[in-house]
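In the working numbering, the protein residues as written are 200 to 577.
Cβ coordinates follow ideal geometry from the N, Cα and C atoms, glycine included.
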């Protein structure tokens with residue numbers, strides 16, 4: 200019983216996701232349409248990436264990179280900005296969720312070994328914001344962009360034109376917030392040599408690139424699954440034991456919930472009545488309820504105003520913590536850090552949620568109206 204309670208306490212986000220998914224099933228009983236809810240590529244990519252990241256962790260890759268970064272960046276502000284912006288840049292070519300799963304572990308190691316864990320909540324929150332807003336400018340930056348780009352047959356030029364100003368505003372906001380971090384000297388607290396397996400690091404690097412090729416649609420997910428699973432079994436089977444499998448399961452639960460919500464007649468009728476005259480705000484509010492990808496898919500059936508829909512489902516990542524699944528990933532990783540480092544209760548999950556809400560609400564109050572005004576230029 201104690202083990203069950205410990206699991207529930209340590210994975211309460213997963214538990215909540217399952218509960219709301221189950222509740223939604225009472226409104227829309229399971230049927231064949233459920234199979235269309237799931238983005239298989241996303242689920243497979245996330246699971247494979249978690250496996251590769253576990254492999255990197257087992258060979259002290261993140262500690263090695265962290266030590267190198269500390270030598271290059273001499274103070275807290277510069278290294279935190281570096282961590283945030285490598286996540287931002289990664290999201291330009293990689294999915295935002297994948298960028299977070301890659302760089303949150305690095306941030307944790309950097310902050311831990313420089314005695315700066317007090318910045319871990321801020322850094323994780325800003326990395327989440329950066330991953331969402333960094334991916335706005337490219338069609339492959341996040342799943343909702345790729346869907347809208349394909350569904351409406353948008354040209355690359357039109358896409359960049361619409362997203363340029365919102366992306367620029369978001370970039371300025373991120374830089375401005377980072378300026379509030381104090382410039383404090385850094386020192387890596389462990390000067391002992393770090394054991395590092397270069398051959399395995401190269402192999403894992405190739406596997407990491409393979410997951411990106413799946414995201415880009417270049418390599419089928421089933422081919423990458425076979426190659427990565429066989430390689431990881433040969434190189435480090437213990438990595439399978441370190442994977443947090445509740446993360447892809449949380450995605451499954453949210454896919455079920457959002458898919459069911461989109462099939463409830465009262466909700467569909469409400470959206471139909473609002474979407475034509477109020478596309479931008481309808482999409483924003485919808486994202487807060489069912490997250491951005493389901494909103495893009497659902498509302499695209501009712502409107503041809505793709506510029507408003509596109510901008511809205513991107514800036515809507517600034518909102519409640521569940522408006523984007525990447526927000527759930529960041530919070531879950533913070534909970535893991537808080538548990539491993541035995542952070543006091545005042546820096547627990549509610550502290551993180553409060554801080555995340557503060558930054559997101561303030562950011563939304565600036566970015567949402569300015570991005571809407573930018574649409575008036577085209």
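### Query
Using a Cβ-Cβ cut-off of 7 Å (strictly less than) and excluding sequence neighbours within five positions of residue 293, which residues of its own chain qualify?
411 and 414
### Query
Between which two residues does the alpha helix (DSSP H) carrying residue 562 extend?
548-574
### Query
Taking Cβ positions, are residue 344 and residue 509 nearer each other than 9 Å?
yes
### Query
Got a sec, what are the start and stop residues for the alpha helix (DSSP H) residue 298 sits in?
Following the DSSP letters along the chain, one finds residue 298 inside the alpha helix (DSSP H) bounded by residues 295-311.
### Query
From residue 507 to residue 273, what distance separates their C-alpha atoms?
42 Å
### Message
Quick check on this structure: which residue in 435, 235 and 467 has the alpha carbon closest to the alpha carbon of residue 252?
### Response
435
### Task
Give me the Cβ distance between residue 482 and residue 511, rounded to the nearest whole Å; I'm assuming they're in contact under 8 Å.
4 Å
### Query
From residue 385 to residue 315, what does the alpha carbon distance come to, in whole angstroms?
9 Å
#### Entry: Nearest-angstrom Cα separation, counted from residue 329 out to residue 382
21 Å
#### Entry: 6 Å Cβ shell around residue 532 - same chain, five flanking residues per side excluded
303
### Query
Which same chain residues, not among the five before or five after residue 254, have their C-beta less than 8 Å away from its C-beta?
399, 403, 406, 431, 434, 435 and 438
#### Entry: residue 577 vs residue 351 beta-carbon contact at 9 Å
no
### Query
Which residue comes first and which comes last in the alpha helix (DSSP H) that contains residue 532?
Counting along the chain, the alpha helix (DSSP H) containing residue 532 begins and ends at 524-539.
### Message
Could you give the first and the last residue of the continuous alpha helix (DSSP H) run that contains residue 326?
### Response
319-333
### Message
Tell me which residues share the same chain as residue 150 and place their Cβ nearer than 6 Å to its Cβ, disregarding the 5 neighbours each side in the sequence.
### Response
Within the shown structure, residues of the chain are numbered from 200 to 577, placing residue 150 beyond reach of any answer.
### Query
Would the beta-carbon of residue 308 be found less than 8 Å away from any heavy atom of the ligand NAD?
Ligands displayed in this structure: none; no statement on the ligand NAD is therefore possible.
### Rounded distance between the beta-carbons of residue 324 and residue 558, thought under 8 Å
6 Å
### Query
Using the C-alpha atoms, what's the distance from residue 490 back to residue 461?
11 Å
### Message
Along the chain, where does the alpha helix (DSSP H) containing residue 365 start, and where does it finish?
### Response
355-377
### Query
Would you report the Cα separation of residue 271 and residue 368, rounded to the nearest angstrom?
28 Å
### Task
Report buried or exposed for residue 539, applying the criterion of at least 16 other Cβ atoms within 10 angstroms of its Cβ.
So residue 539 counts as exposed.
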